[in-house]
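Note that full-length UniProt numbering numbers the sequence shown so that position 65 is 65, with each residue one more than the last.
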Amino acid sequence: MNGAWGVRRNYHAHAEEMGGVAPSTPKFFFMPPIAIVEADENGDVDIALGNSEHQIEHEVELVVKIGENFEPVMMAVGCDTTDRTVQAVAKSKGTSWLEAKGFPGAAVVGGWIPYKDEAYNIGLSVNGNVRQESNTSLMVHSVNTLITALRENEDLSEGDLIFTGTPAGVGSLTPGDKVTAWMKNESGEIISQFSGTCQ
Numbered sequence: 001m002n003g004a005w006g007v008r009r010n011y012h013a014h015a016e017e018m019g020g021v022a023p024s025t026p027k028f029f030f031m032p033p034i035a036i037v038e039a040d041e042n043g044d045v046d047i048a049l050g051n052s053e054h055q056i057e058h059e060v061e062l063v064v065k066i067g068e069n070f071e072p073v074m075m076a077v078g079c080d081t082t083d084r085t086v087q088a089v090a091k092s093k094g095t096s097w098l099e100a101k102g103f104p105g106a107a108v109v110g111g112w113i114p115y116k117d118e119a120y121n122i123g124l125s126v127n128g129n130v131r132q133e134s135n136t137s138l139m140v141h142s143v144n145t146l147i148t149a150l151r152e153n154e155d156l157s158e159g160d161l162i163f164t165g166t167p168a169g170v171g172s173l174t175p176g177d178k179v180t181a182w183m184k185n186e187s188g189e190i191i192s193q194f195s196g197t198c199q
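In structure tokens, the structure reads:
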């Protein structure tokens, strides 16, 4: 299995809630294959929290899969589960976010569908309460821009995933929490989703 690329602060509202601004050019981090977990055909998945004594947060995202000629061929809703405790240390030292973003099961992916370059509503609820809901049209850098930047600056490969950034509303997760994430088309139809319990 290939790894996944994540992009930092790709929605202005999320950048603001994190106390910063969206970068003028995309900034990436890498998540290894061990981080990726895909929901089953029913959309069910166990959500790993890594070290549950740390501050662990959810980040709902549009995820795309790269095919031949570096074209996006599939898409799904996903969750970049993040260890903020570890991330804060990495930020203070200027070191890699790998441990914060790439622990086993950190990159959750819902059901795959063929990619279409359109705007989608993505959202996430915890224990039935909606915490994140936004539209991919609000991304600072489009999918095509992200792909171009990865090709120019990183080792993007066929089969890699791109987590395209999270909107505002990130929040904490604890063991036993029930998480549901979804992606809807412009007609309001759910086209990708997953549900699971935090472990």
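We put the beta carbon where it would ideally sit given N, CA and C, even for glycine.
Straight-line CA distance for residue i to residue j?
i	j	result
G3	A90	21 angstroms
K93	E189	44 angstroms
G67	G110	18 angstroms
Y120	A22	20 angstroms
L150	L156	6 angstroms
C198	G43	15 angstroms
T95	E118	35 angstroms
V108	N153	25 angstroms
I34	S187	35 angstroms
E158	P72	9 angstroms
T164	T174	24 angstroms
Under a three-way DSSP split, which group does residue i fall into?
i	result
S125	strand
N10	coil
G164	The amino acid at residue 164 is misidentified as Gly; the sequence shows Thr. Note: T164 maps to coil in three-state DSSP.
A22	coil
F70	helix
T197	strand
E16	helix
L49	coil
L156	coil
S187	coil
Kindly indicate the opening and closing residues of the alpha helix (DSSP H) around residue i.
i	result
V86	R84 to K93
K184	Element bounds for K184: not the alpha helix (DSSP H) but the beta strand (DSSP E), K178 to K184.
Along the beta strand (DSSP E) that carries residue i, what are the first and last residues, could you check?
i	result
V143	Looking at the DSSP string, V143 is not in any beta strand (DSSP E); the run it does join, the alpha helix (DSSP H), is V143 to N153.
E57	I56 to H58
A107	A107 to V109
E99	Per DSSP, E99 belongs to no beta strand (DSSP E); it is in the alpha helix (DSSP H), L98 to K101.
M31	F28 to M31
L173	G171 to L173
E38	I36 to E38
Answer yes or no: the CB of residue i versus the heavy atoms of the ligand PLP, is any distance below 8 angstroms?
i	result
V60	Ligands are entirely absent from the displayed structure, and the ligand PLP is therefore not among its contents.
Excluding the 5 residues preceding and the 5 following residue i in the sequence, name in chain order all residues of the same chain whose CB lies nearer than 6 angstroms to its CB.
i	result
P32	G3 and G102
A106	A35 and T81
M183	V77, Y120, I122, I191 and S192
Give every residue of the same chain whose Cβ lies closer than 7 angstroms to the Cβ of residue i, excluding the five residues on either side of it in the sequence, and list them in chain order.
i	result
V86	H54, E99 and A100
Excluding the 5 residues preceding and the 5 following residue i in the sequence, name in chain order all residues of the same chain whose CB lies nearer than 8 angstroms to its CB.
i	result
M74	V64, K65, G67, W112, I113, P114 and Y115
Does the count of Cβ pairs from the stretch 4-20 and the stretch 160-173 closer than 8 angstroms reach three?
At 8 angstroms Cβ cutoff, the stretches touch.
Stretch-stretch touch, CB-based, cutoff 8 angstroms, three pairs: the stretch 121-133 with the stretch 45-55:
No: fewer than three Cβ pairs fall under 8 angstroms.
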